[in-house]
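Enquirer: Going by our numbering, the residue at position 138 of the sequence shown is 760; the numbering climbs one at a time, nothing skipped. We put the CB at the ideal spot given by N, CA and C, even for glycine. Only a predicted model underlies this, so the values are computations on that prediction, with no experimental measurement involved.
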Amino acid sequence: MRRRKKGALGNLQLSAFPKEWFYTLGDKIFEMKKLVEHFLILLLAIFPSVALAQIITVTGPIEPEEMGLALIHEHIMVDWIGADSTGQHRWDRNEIVERALPYLKEIKEYGVTTFLDCTPAYLGRDPYVLKKLADRTGIHILTNTGYYGSGNNKYIPEGLMNTSAKEMAFHWIREFEHGIDGSGIRPGFIKISVENEEILSEIHRNLIEAAGLTHLKTGMAIVSHTGGDSPAMAQIRVLKEMGVSPSAFVWTHAQNGTMNGYLQAASQGAWISLDNIDGGTSNDTEGTGNIDWFVKTLLELKDRGILDHILISHDAGWYNVGEKNGGYYKGYTDLFTQLIPRLKQNGFTQKDIDLVLMENPKRAYAIHIRKE
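(1) When the Cα atoms are used, what is the spatial distance from Asn-882 to Asp-714?
(2) Nearest CA to the CA of Gly-781: which residue from Leu-979, Asp-706, Gly-949?
(3) By how many angstroms is the C-alpha of Ser-867 removed from the C-alpha of Tyr-777?
(4) In whole angstroms, what is the alpha-carbon distance linking Asp-974 and Phe-737?
(5) Does the structure place the region 844-857 close enough to the region 811-831 that three or more beta carbon pairs sit under 8 Å?
(6) With the cut-off set at 8 Å, would you say Leu-965 and Ile-934 are in Cβ contact?
(7) Please determine, among Thr-919, Ile-932, Gln-877, the residue with the shortest C-alpha to C-alpha distance to Ser-889.
(8) Got a sec, what are the start and stop residues for the alpha helix (DSSP H) Ala-1050 sits in?
(9) Give every residue of the same chain whose Cβ lies closer than 7 Å to the Cβ of Phe-798, excluding the five residues on either side of it in the sequence, and list them in chain order.
(10) Roughly how many whole angstroms lie between the Cα atoms of His-762 and Ala-692?
(11) If we ignore side chains and look at the alpha-carbon of each, how far apart do Ala-787 and Leu-829 end up?
(12) Could you tell me the boundaries of the alpha helix (DSSP H) in which Pro-749 lies?
(13) So who's on the other strand from Thr-767, going by DSSP bridges?
(14) DSSP on Thr-919, reduced to helix/strand/coil?
(15) Whole angstroms are fine: how far does the CA of Leu-977 sit from the CA of Gly-682?
(16) Just the Cα atoms here: how many angstroms apart are Glu-687 and Ile-729?
(17) Skipping 5 residues on each side, what residues in its chain have a beta carbon closer than 6 Å to that of Lys-754?
(18) Note the first and the last residue of the continuous beta strand (DSSP E) segment covering Ala-988.
(19) Alpha carbon to alpha carbon, how far is Phe-970 from Leu-923? Give it in angstroms, no decimals.
(20) Quick one: what does DSSP say Leu-745 is sitting in, helix, strand or coil?
(21) Does the pairing of the region 944-955 with the region 873-887 give three or more beta-carbon distances under 8 Å?
(22) What residue does the alpha helix (DSSP H) around Trp-794 start on, and which one ends it?
(23) In whole angstroms, what is the alpha-carbon distance linking Arg-747 and Gly-709?
(24) Can you tell me the Cα-Cα spacing of Glu-994 and Gln-676, whole angstroms?
(25) Excluding sequence positions up to five away, which residues of its chain have a Cβ less than 8 Å from the Cβ of Val-860?
(26) Where does Arg-721 land, buried or exposed, given buried means 16+ other C-beta within 10 angstroms?
(27) Spatial neighbours of Ala-892 within its chain, please: CB distance less than 8 Å, with the 5 preceding and 5 following residues excluded, ordered by chain position.
(28) Looking only at its chain, what residues have a beta carbon closer than 6 Å to the beta carbon of Thr-741, apart from the 5 residues adjacent to it on each side?
(29) Please report the distance separating the alpha-carbon of Met-783 from that of Pro-749.
(30) Specify the secondary structure class of Leu-662 as computed by DSSP and reduced to three states.
(31) Rounded to the nearest angstrom, how far is the Cβ of Lys-952 from that of Gly-939, given a contact under 8 Å?
(32) Within 10 Å of its beta-carbon, does Gln-877 have 16 or more other beta-carbons around it, so buried, or fewer, so exposed?
(33) Measure from the alpha carbon of Lys-813 to the alpha carbon of each residue in Gly-806, Ser-805, Ser-772, Pro-963, then state which is nearest.
(34) Any idea if Tyr-987 is buried or exposed, counting beta-carbon neighbours within 10 angstroms, 16 or more meaning buried?
Structure below.
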């Protein structure tokens, strides 16, 4: 329990409250409802832990403590055909559910309780599929709002290419408030994508600005498929100019960045997502997804004191729309069967593992507005 500062409320004066919160009817009478509301706001400023922000899943909101062990970047299905051709007419929801179900049941055996599906709109996002899987497994599944700009903007509809940041944000905020495509299922985070280039294009700057506007209205975290240091820092700069704290930003696919980039991002509060764990390439000691690389990198991040800004996952799955029965589907267990045992052999404690897989996701994805 946080100790209250001595005298924190002792000098509270009625003059501190706006005059419109009072009214006169004969004698002055307090408008008690608004007075209580103002007192609660003041109380939360002194005791910010009084109210815990929620996590928004496809089956509804949960408390952060219910999130448990989380895989923060995975996929159930992807449709690579392009924004102007994709749609639910291209897949069978029941077939996808049956194909994905064994993989979700498998990770549940390893203690996974939360799964973030990072497939964005126009790339195969289907909240109905995710809800069916959540209902059948009991896993908390999160979906997203936002647009994916990588791939030469192939996954943004032609009609949206000239949309302003404010117009994009209006649509994303509406999904958060009312649900996706009439489903009533709300997104739990913002998912965008920019090219791995030093300078943001106009449309990709619009994407990060729209994400910033949406965050300031909804409190959703901004998960951006980014890559290297330069686009990560460029997006952080844009957000700071907008008054958004970098702590709202998840630098996704940061395995393509550098240790100096990680240190710079973490010093500003950003989240660093290393999300291509792949035990199948463990013999490739130079690759960034192999277990050797992850062990070496995570140990250095711990030594550098920024493990509390690190997120890890596989970026695995998925049902490929257009391929027979979804084609090859990679499971989500290399983290548990290969990486964690190796980390423990090299000095990682259970507390370190819980920090990365439980505490950090809870702090990164809880709905709350983070201002610079």
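Expert: This is what the structure gives:
(1) Translated into the one-based positions of the sequence shown, residue 882 becomes position 260. Translated into the one-based positions of the sequence shown, residue 714 becomes position 92. Using only the alpha carbons, I get a separation of about 45 Å.
(2) Working through the sequence shown from its first residue, we reach residue 781 at position 159. Of Leu-979, Asp-706, Gly-949, the residue nearest in Cα terms is Asp-706.
(3) Translated into the one-based positions of the sequence shown, residue 777 becomes position 155. Translated into the one-based positions of the sequence shown, residue 867 becomes position 245. Their Cα atoms are separated by approximately 28 Å.
(4) Counting from one through the sequence shown, the residue named residue 974 turns up at place 352. Counting from one through the sequence shown, the residue named residue 737 turns up at place 115. Taken atom to atom, the span from the alpha-carbon of Asp-974 to that of Phe-737 is near 20 Å.
(5) yes
(6) For the purposes of this step, residue 965 is identified with residue 343 of the sequence shown, where counting begins at 1. For the purposes of this step, residue 934 is identified with residue 312 of the sequence shown, where counting begins at 1. For Leu-965 and Ile-934, no; Cβs fall outside 8 Å.
(7) Counting from 1 along the sequence shown, the entry for residue 889 is found at position 267. It is Ile-932.
(8) The displayed coordinates of the chain run from 623 to 994. Any statement about residue 1050 would go beyond what the structure contains.
(9) Taking the first residue of the sequence shown as position 1, residue 798 is located at position 176. Contacts found: Thr-767, Arg-808, Pro-809, Thr-840, Met-842.
(10) By 1-based counting over the sequence shown, the position of residue 762 is 140. By 1-based counting over the sequence shown, the position of residue 692 is 70. Whole-angstrom Cα-Cα distance: 9 Å.
(11) Here residue 787 refers to the residue found at position 165 of the sequence shown. Here residue 829 refers to the residue found at position 207 of the sequence shown. Approximately 6 Å between the Cα atoms of the pair.
(12) Position 127 of the sequence shown holds residue 749. Segment 749-759, the alpha helix (DSSP H) holding Pro-749.
(13) Counted from its first residue, the sequence shown places residue 767 at position 145. Ile-812.
(14) The residue labelled residue 919 in the question sits at position 297 within the sequence shown. Thr-919 falls in the helix class under three-state DSSP.
(15) Against the sequence shown, residue 682 aligns to sequence position 60. Against the sequence shown, residue 977 aligns to sequence position 355. Cα-Cα distance, rounded: 25 Å.
(16) As a position in the sequence shown, residue 687 is number 65, starting the count at 1. As a position in the sequence shown, residue 729 is number 107, starting the count at 1. Glu-687 and Ile-729: Cα-Cα distance of roughly 19 Å.
(17) Sequence index remark: in the sequence shown, residue 754 carries index 132 (1-based). Sequence-distant Cβ neighbours of Lys-754 in its own chain, meaning closer than 6 Å and more than five residues away, are Val-719.
(18) Residue mapping note: residue 988 aligns to position 366 of the sequence shown, counting from 1. Here Ala-988 belongs to no beta strand (DSSP E), and DSSP marks it neither H nor E.
(19) Here residue 923 is taken as the residue at index 301 of the sequence shown, counted from 1. Here residue 970 is taken as the residue at index 348 of the sequence shown, counted from 1. Spanning the two alpha carbons is a distance of roughly 11 Å.
(20) For the purposes of this step, residue 745 is taken as residue 123 along the sequence shown, with counting starting at 1. Coil.
(21) Output reads no: the region 873-887 does not touch the region 944-955.
(22) On the sequence shown, position 172 is the one that residue 794 refers to. Segment 787-800, the alpha helix (DSSP H) holding Trp-794.
(23) The residue given as residue 747 occupies position 125 in the sequence shown. The residue given as residue 709 occupies position 87 in the sequence shown. Roughly 9 Å separates the two Cα atoms.
(24) Along the sequence shown, one-based indexing puts residue 994 at 372. Along the sequence shown, one-based indexing puts residue 676 at 54. Spanning the two alpha carbons is a distance of roughly 21 Å.
(25) The count along the sequence shown starts at 1 and reaches residue 860 at position 238. Excluding residues within five positions, the ones whose Cβ falls inside 8 Å are Leu-822, Arg-827, Ile-830, Glu-831, Gly-834.
(26) In the sequence shown, the residue the question calls residue 721 occupies position 99. Classification for Arg-721: buried.
(27) For the purposes of this step, residue 892 is taken as the residue at position 270 of the sequence shown. The answer, listed in chain order, is Ala-854, Ile-858, Pro-868, Ser-869, Phe-871, Val-872, Trp-873, His-931.
(28) Position 119 of the sequence shown, counted from the start, is the residue given in the question as residue 741. Closer than 6 Å at Cβ, skipping near neighbours: His-697, Val-700, Arg-747.
(29) For this step, residue 783 is matched to residue 161 along the sequence shown. For this step, residue 749 is matched to residue 127 along the sequence shown. Roughly 24 Å between the two C-alpha positions.
(30) For this step, residue 662 is matched to residue 40 along the sequence shown. Residue confidence for Leu-662 is low, a pLDDT of 38 falling below 50, so the modelled location carries little weight and cannot support an answer.
(31) What you label residue 952 is simply residue 330 of the sequence shown in a count that begins at 1. What you label residue 939 is simply residue 317 of the sequence shown in a count that begins at 1. The pair is a contact, with the Cβ atoms about 7 Å apart (cut-off 8 Å).
(32) Locating residue 877 in the sequence shown gives position 255, where the first residue counts as 1. So Gln-877 counts as buried.
(33) Your numbering for residue 813 matches position 191 in the sequence shown. Among Gly-806, Ser-805, Ser-772, Pro-963, the Cα nearest to that of Lys-813 belongs to Ser-772.
(34) For the purposes of this step, residue 987 is taken as the residue at position 365 of the sequence shown. So Tyr-987 counts as buried.
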